[in-house]
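Protein chains: 2
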Amino acid sequence: MRKFLAVTALLLSTTAAFADPALEQKLDAAINPAEMGAWLKFLSSEPSQVGSPFNKTIAEWTLAKFKSFGWDAHIETYQVLYPTPLAESVELIEGKTVFKATLNEPWTKETPKPKDKWLPSYVAYQGDGDVTAPLIYVNYGMKEDYEALERMGISVKGKIVIARYGQGWRGLKPRLAQEHGAVGCLIYSDPRDDGYSAEEVYPKGPARPPGGFQRGSVQDITISSGDPLTPGFVAGPGKPRLTREAAPNILKIPTLPISYADARVFLAKLNGQVVPPSWRGSLPITYHAGPSTAEVHLKVKSDWSLKPVYDVIAKIEGSTYPDQWVIRGNHHDGWVFGATDPQSGHIAVLAEAKAIGEMVKAGWKPKRTLIYTSWDGEEPGLLGSTEWVEDHAAELKAKTVLYINSDVNARGFLSASGSQDFSAFVGRAAASVIDPETKVSVDQRLRAKLRMGPFDPAVKEKDEAKAVAKAAADPSTVVPIEALGTGSDYTGFLQHLGIPSLDLGYNGEAVWAGVYHSIYDSYDHHSRFVDPGFVYDALLAKTAGRMVLAAADTELPLQQPEAFADSVALYVKQVKKLADDKREAATIQAGLLKDHVFRLIADPTKSSGDPKALAAVPAIDFTPLETASDRVSAAAKAYEFALTEHGKALSPAKREQLQKLMLTLDQTLAPEDGLPGRPWYKHLIYAPGRQTGYGVKTLPGVREGIEEERWDEAVRYISITARALNAYAARLDAATELLTAP
Amino acid sequence: MRKFLAVTALLLSTTAAFADPALEQKLDAAINPAEMGAWLKFLSSEPSQVGSPFNKTIAEWTLAKFKSFGWDAHIETYQVLYPTPLAESVELIEGKTVFKATLNEPWTKETPKPKDKWLPSYVAYQGDGDVTAPLIYVNYGMKEDYEALERMGISVKGKIVIARYGQGWRGLKPRLAQEHGAVGCLIYSDPRDDGYSAEEVYPKGPARPPGGFQRGSVQDITISSGDPLTPGFVAGPGKPRLTREAAPNILKIPTLPISYADARVFLAKLNGQVVPPSWRGSLPITYHAGPSTAEVHLKVKSDWSLKPVYDVIAKIEGSTYPDQWVIRGNHHDGWVFGATDPQSGHIAVLAEAKAIGEMVKAGWKPKRTLIYTSWDGEEPGLLGSTEWVEDHAAELKAKTVLYINSDVNARGFLSASGSQDFSAFVGRAAASVIDPETKVSVDQRLRAKLRMGPFDPAVKEKDEAKAVAKAAADPSTVVPIEALGTGSDYTGFLQHLGIPSLDLGYNGEAVWAGVYHSIYDSYDHHSRFVDPGFVYDALLAKTAGRMVLAAADTELPLQQPEAFADSVALYVKQVKKLADDKREAATIQAGLLKDHVFRLIADPTKSSGDPKALAAVPAIDFTPLETASDRVSAAAKAYEFALTEHGKALSPAKREQLQKLMLTLDQTLAPEDGLPGRPWYKHLIYAPGRQTGYGVKTLPGVREGIEEERWDEAVRYISITARALNAYAARLDAATELLTAP
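If you read the protein sequences in the order shown, they are chains P and B. Mapping the first sequence onto numbering that gives the first Met the number 0, position 118 (from 1) lands on 117, and the numbers just tick up by one. Mapping the second sequence onto numbering that gives the first Met the number 0, position 147 (from 1) lands on 146, and the numbers just tick up by one.
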């Protein structure tokens with residue numbers, strides 16, 4: 000175990016209670032890091048992927064735990080499409096010499112020795128295939144990488160590509176390869192990104208060893224999450240299913256991750272142009288773009304049968320508002336042992352459930368209904384949570400006050416993202432817990448980090464970072480939380496149903512990416528490198544637990560919409576600037592093309608043609624969006640003022656009316672329209688980017704319309720999004736009227 | 000030989016003659032790339048460092064060549080301090096295990112097999128020493144690297160440091176190490192910077208092979224260049240000399256370059272904190288800061304005797320203005336074979352001299368005196384050129400119209416730097432030669448590159464780049480050439496005497512840095528990778544040759560001072576902004592320190608203390624500088640207008656008066672004051688930075704005063720620099736008066 004250095008006493012701070020102080024004390028007292036560590040050790044002792052024996056064991060064990068904590072718990076099972084490998088191989092063929100990639104990771108003595116077999120190299124929902132072709136290196140395999148390749152005169156058509164992990168979501172790499180005509184895709188993690196360049200490798204240090212690789216899903220959850228055969232409805236007996244061929248988010252080409260020990264052999268065989276500096280990793284070779292004269296043979300065949308996912312659902316009925324639900328969840332399935340992903344978050348859920356169970360046994364009754372969930376099948380595509388959300392959609396929309404998610408937990412700073420009208424709620428919770436490393440409140444530490452934002456070389460938008468830093472320096476100012484894309488179980492709640500959601504976790508200090516989705520994400524790794532002493536796992540339970548306690552009992556609505564209004568105003572500014580910047584860039588580039596500038600500066604010993612001409616950007620009228628954003632700002636201000644003035648004095652009847660108005664407030668942002676080409680995604684303010692994968696795009700209908708040069712679509716979504724914002728403002732106005740009516 | 004790709008006919012452009020068109024034709028016809036290649040092959044067939052047998056051979060061969068071309072030529076010899084290694088070793092000692100670094104480079108069959116021994120791993124003017132100490136990695140060994148180490152709690156006091164080449168001049172690395180208390184210094188080239196990450200390594204490709212290293216000088220030529228024992232005066236019999244101990248620009252600690260094959264072994268032994276991402280190279284190891292538990296034993300002993308340097312000086316007397324000199328030069332000494340450095344430039348000088356000799360034989364007489372020079376001892380510290388300049392200072396100041404230097408030549412874009420009142424002169428020369436790759440004029444190609452400046456991620460000052468791009472897009476606008484620091488033989492002329500100087504070379508396309516100052520800088524390397532067919536070496540001769548022809552015969556002065564005025568105005572803006580930015584940074588940092596922000600964001604498993612508090616910046620009055628800059632702008636405008644209007648109609652007597660006024664115009668910028676702490680450097684507009692080495696600092700007295708927080712000095716140099724600029728403007732006004740007087 001690593002020892003923290005001494006912390007200066009200077010920095011000690013006091014915290015303000017958030018929920019009922021007596022309950023907070025009980026919560027903190029009941030959370031036992033050692034016990035959580037023991038749970039994590041058990042939960043990560045065998046591979047826990049969907050369909051594995053231990054996956055079911057975990058569900059049953061979790062069910063038993065909830066019950067023993069005093070919760071009313073049960074398992075809901077869904078039969079979903081989940082492929083597993085039947086046969087796979089990757090070979091490098093050079094005349095008669097064949098090099099075979101090792102598609103399994105070397106075991107180390109620090110890793111559990113399981114009874115069950117773990118999943119070899121694999122990504123779920125790829126295509127079956129048996130292809131042989133030359134190889135091309137496509138860097139991170141993102142859109143701009145293909146543009147660079149095109150300028151080099153290199154096409155991936157009919158080729159197999161090798162991409163490195165990073166920059167964008169895993170599934171984009173084979174999807175873009177497929178769209179560009181590649182017949183197969185290999186993915187490896189360059190040691191520059193999370194191997195020996197980042198840290199000593201496991202087991203000596205936390206980084207990726209040469210034989211490690213990243214499993215994962217390539218289901219395109221930017222279209223919809225859950226069972227790909229049942230988008231938008233629950234997977235159940237007698238329910239319709241798409242055929243596999245018709246499912247838009249299943250990949251067609253075979254794809255496998257390989258280790259960097261193997262990738263080195265493949266990359267060393269590439270010929271052609273040396274790649275640009277930003278494409279170079281830190282393998283001791285010269286990186287070329289290819290193609291190779293040697294051929295790669297890639298074969299994958301999967302078992303496409305349905306498998307069960309087991310969601311564990313635990314409930315404590317509310318005493319005053321049983322039809323107002325506070326939901327808390329984390330998934331329980333891993334790719335292999337899953338110590339950090341997902342068990343670090345899962346043990347927080349369990350610790351909270353235990354603490355709350357004890358309070359209830361001691362006589363406390365939450366006013367609202369609490370639902371604790373342990374999702375299955377998150378890894379392949381948020382299967383368990385999405386099917387459950389689709390199954391119970393109407394009831395969830397009618398009753399859910401807030402969904403609080405967690406997943407991976409590490410060490411460092413609170414990362415809280417989600418519905419930004421809950422920013423003040425998050426801020427107050429963060430101000431009520433103490434950071435174990437610095438002994439100041441989590442809020443104070445986070446504000447310190449935000450103050451450094453303008454000096455972070457990774458931060459591009461300096462003006463925005465400066466505004467955030469300024470707000471962070473004043474502890475009385477609410478700093479908006481980050482917006483959410485996708486990547487964990489909040490997606491069904493937030494993006495599909497419009498239910499306000501938060502995603503919580505501590506991170507920023509542990510080097511962890513190198514074991515992500517590998518067999519080395521183990522108890523040993525988590526307890527030595529990610530969260531020694533399980534202090535941050537315990538802190539997550541204290542943080543989320545406080546939010547649940549506050550949400551359970553607070554009489555007045557939780558939203559403080561001004562932070563949301565501020566964020567929307569910023570996003571509107573951004574999309575306007577995006578259009579202006581693209582317009583300017585197209586004008587400048589047209590001049591450069593006309594004067595042959597790209598050809599004049601090109602080195603003729605390297606191929607590099609003109610870039611593709613940028614589309615001219617028409618004038619776009621953002622007025623409807625600006626007007627709506629202003630209206631939200633005004634309504635938010637008036638509502639917060641009215642709530643402060645009149646909230647406490649409200650009669651019980653009026654209070655219940657107010658609660659009702661505000662419970663579905665956020666759903667006004669997710670009307671039936673849905674997003675262009677992906678109607679499953681209803682939320683008009685937050686969505687995962689089609690071209691970023693997990694990463695969020697705010698005002699997605701408008702922003703992606705501009706980014707991808709579908710101008711009519713952008714114009715249409717200016718109007719649709721404005722309508723939703725106006726509905727949000729109107730709802731706030733109604734609440735204000737209720738508050739201020741005599 | 001590499002074949003250039005086909006060039007689009009579209010791009011063909013016409014050029015405007017610069018000098019006399021008939022002379023230009025003769026020049027071009029006389030320049031023979033094949034002959035130049037043969038010269039280069041001979042000149043790079045043996046090691047040519049100072050004191051070596053072949054060094055003298057080259058001087059004598061060059062003398063003979065000049066004579067055979069019809070020039071009046073002789074050799075001037077100076078006896079200068081030039082150390083050579085007597086004994087040296089680098090060992091890594093771990094208990095009883097000793098690893099010895101290989102201090103010689105592996106020969107390859109593509110490299111010449113010389114009769115003479117070449118210099119092993121060595122840097123000239125380091126200290127003698129025999130030290131044993133733990134090792135610390137200091138990244139590039141620059142000022143900010145030591146600040147980062149201090150925050151990590153790491154001191155180099157009593158340790159040996161290992162720095163990688165790059166970011167700043169070689170000599171800064173041991174100097175800063177010495178200033179921080181280190182007892183020794185190793186320097187290696189990381190393969191990320193110019194080894195296998197950049198390109199395939201030699202002999203397969205152009206980049207640095209694992210056994211290669213970079214020799215060089217660590218004489219601190221930012222204080223003065225030339226023989227370090229005779230700063231400011233010529234090294235000659237009967238002349239005074241400093242003792243070695245008293246020479247401020249000789250290093251005290253031992254320093255050796257090692258190969259990256261060896262560096263890997265040393266770096267792998269470092270313990271302690273993993274270094275920040277920007278410090279990581281691409282050796283397949285985890286880079287730690289150290290210290291090492293293993294110890295490094297470093298021993299260097301040098302022979303400190305005087306050695307001869309042989310400058311070859313060739314002359315053709317001017318027919319009309321014999322006391323107006325046009326000087327052209329390139330050095331002839333290398334570190335080993337020196338094919339690219341310096342012979343690529345040296346053969347251009349020879350080709351020009353041959354062509355001019357033929358013209359003279361055919362009857363042409365230059366109006367001005369031409370002096371062609373082949374310098375010795377450039378590599379150790381501009382020894383030959385500096386001693387010659389110091390020897391002939393008064394005559395040179397009285398007679399020199401322009402010094403045109405070259406050194407390394409490669410492939411790509413014209414890089415022309417120097418006295419910016421010669422920008423238009425350079426631009427017109429560049430417009431008169433055709434780029435062999437694109438078939439447009441060199442000027443047109445350069446403008447294309449400048450137009451892409453704003454899109455170059457390496458360019459930090461986007462607003463300045465945009466202004467340059469805008470100017471470059473209009474072919475009628477003069478784009479100021481770059482300012483000069485140091486690093487080649489123009490320094491004595493420009494910085495010490497104030498004589499207008501230009502430095503020319505083609506570059507930007509060849510991967511060359513990896514063989515710089517190594518045995519692999521060979522004929523084979525130059526002809527395969529740097530300039531196949533010697534077409535750019537020939538182009539350099541055509542470009543510089545045109546300038547010499549024009550400068551030899553043009554009746555009117557060569558300066559067009561508006562571009563200089565524009566540059567000065569920009570530099571004044573920059574130093575003002577520098578002060579403002581530093582003031583703002585200090586204020587922001589004070590707030591962050593007060594609120595313990597650095598400690599709150601620190602990962603307690605890593606040492607990282609508060610950064611050193613930035614000094615508060617007082618109010619600084621830039622008015623004298625701004626006023627002087629405005630005066631230069633007005634005077635330049637008036638002069639150029641008057642020259643255009645009245646220049647051609649000037650009487651011979653008045654013309655000679657004008658020539659006289661303008662010949663020493665630029666020397667007004669280099670009055671006796673000199674720069675703070677380095678009075679040898681007289682030029683108040685251009686100097687090498689004390690903390691950058693070769694890199695230029697414009698308005699150095701002011702800029703470095705602010706950068707290094709010597710506020711009084713900055714204020715003093717605002718006044719001194721303004722005085723010089725006013726003198727420059729007054730001289731222009733006098734010329735204008737002469738032009739416009741009836």
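Every residue gets a Cβ at the ideal spot worked out from N, C-alpha and C, and that includes glycine. Since the model is a prediction, treat every value here as computed from it, not as a measurement.
- Across the set B/367, B/685, B/583, the C-alpha of B/367 shows the shortest separation from the C-alpha of residue 556 of chain B.
- Cα atoms of residue 350 of chain P and residue 709 of chain B: separation of roughly 59 angstroms, rounded to the nearest angstrom.
- In this structure, the straight-line span from the alpha carbon of residue 667 of chain B to that of residue 396 of chain B is close to 11 angstroms.
- About 15 angstroms separates the beta carbons of residue 388 of chain B and residue 76 of chain B, which is beyond the 8 angstroms limit, so they are not a contact pair.
- Taking the Cα positions, residue 240 of chain P is about 9 angstroms away from residue 226 of chain P.
- Counting along the chain, the unbroken alpha helix (DSSP H) around residue 567 of chain P starts and ends at 561 to 593.
- Between the alpha carbons of residue 439 of chain P and residue 173 of chain B lies a gap of roughly 42 angstroms.
- Shortest Cα-Cα distance from residue 166 of chain B to any of B/211, B/186, B/355 involves B/186.
- Under the 10 Å beta carbon count, residue 445 of chain B is surrounded by 16 or more other beta carbons and is classified as buried.
- Take residue 571 of chain P, set aside five residues on each side of it, and the residues of its chain with a beta-carbon closer than 8 angstroms to its own are 621, 624, 625, 628, 698, in chain order.
- Put simply, the backbone Cα of residue 408 of chain P is about 27 angstroms away from that of residue 665 of chain P.
- For residue 307 of chain B, the secondary structure class from DSSP, reduced to helix, strand or coil, is strand.
- In terms of CA proximity to residue 154 of chain B, B/176 leads the group B/437, B/176, B/485.
- The contact set of residue 447 of chain B on chain P, defined by CB atoms closer than 9 angstroms, consists of 591, 594, 595, 596, 597, 598, 599, 600 in chain order.
- When the alpha-carbon of residue 633 of chain P is set against those of P/313, P/436, P/732, P/333, the nearest one is in P/732.
- In the three-state reduction of the DSSP assignment, residue 196 of chain P falls in the coil class, being assigned neither a helical nor a strand state.
- When Cβ-Cβ separations below 8 angstroms define contact, residue 444 of chain P makes contact with chain B.
- The C-beta distance from residue 128 of chain B to residue 253 of chain B rounds to 4 angstroms, short enough to meet the 8 angstroms contact threshold.
- Between the beta-carbon of residue 318 of chain B and that of residue 364 of chain B there is about 4 angstroms, and that keeps the pair under the 8 angstroms contact cut.
- Across the segment 683 to 702 of chain P, no CB contact with chain B closer than 9 angstroms is found for any residue.
- Note: residue 314 of chain P is bridge-paired with P/71, P/370 in the DSSP secondary-structure output.
- If you check each beta-carbon in the segment 502 to 521 of chain P against every beta-carbon of chain B, the ones closer than 7 angstroms belong to 508.
- Exposed is the label assigned to residue 270 of chain B, since fewer than 16 other Cβ atoms lie within 10 Å of its Cβ.
- In this chain, the beta strand (DSSP E) harbouring residue 88 of chain P covers 83 to 93.
- In this structure, residue 49 of chain P keeps its C-beta atom at 8 angstroms or more from the C-beta atom of residue 122 of chain P.
- Chain-ordered listing is empty here: chain B has no CB closer than 8 angstroms to the CB of residue 221 of chain P, the nearest sitting near 28 angstroms.
- Rounded to whole angstroms, the gap between the alpha carbons of residue 234 of chain P and residue 228 of chain P is 8 angstroms.
- Closer than 8 angstroms to the CB of residue 556 of chain B there is not a single CB belonging to chain P.
- In this structure, DSSP gives residue 336 of chain B a state outside helix and strand, which the three-state scheme calls coil.
- Looking at the backbone, the Cα of residue 220 of chain P and that of residue 494 of chain P are separated by about 11 angstroms.
- Selection P/283, P/56, P/198, P/356 evaluated against residue 71 of chain P yields P/356 as nearest (Cα-Cα).
- For residue 126 of chain B, the closest Cβ of chain P is not nearer than 8 angstroms.
- Per DSSP, the beta-bridge partners of residue 506 of chain B are B/412.
- Cβ-Cβ distances below 8 angstroms link residue 545 of chain B to 17, 18, 23, 26, 428, 431, 432 in the same chain, with the five nearest sequence neighbours on each side left out; the list follows chain order.
- Listed in chain order, the alpha helix (DSSP H) runs fully inside the segment 204 to 281 of chain P are 259 to 266, counting runs of at least 4 residues.
- Scanning its chain for C-beta atoms nearer than 7 angstroms, with the 5 sequence neighbours on each side dropped, one finds around residue 278 of chain P the residues 138, 286, in chain order.
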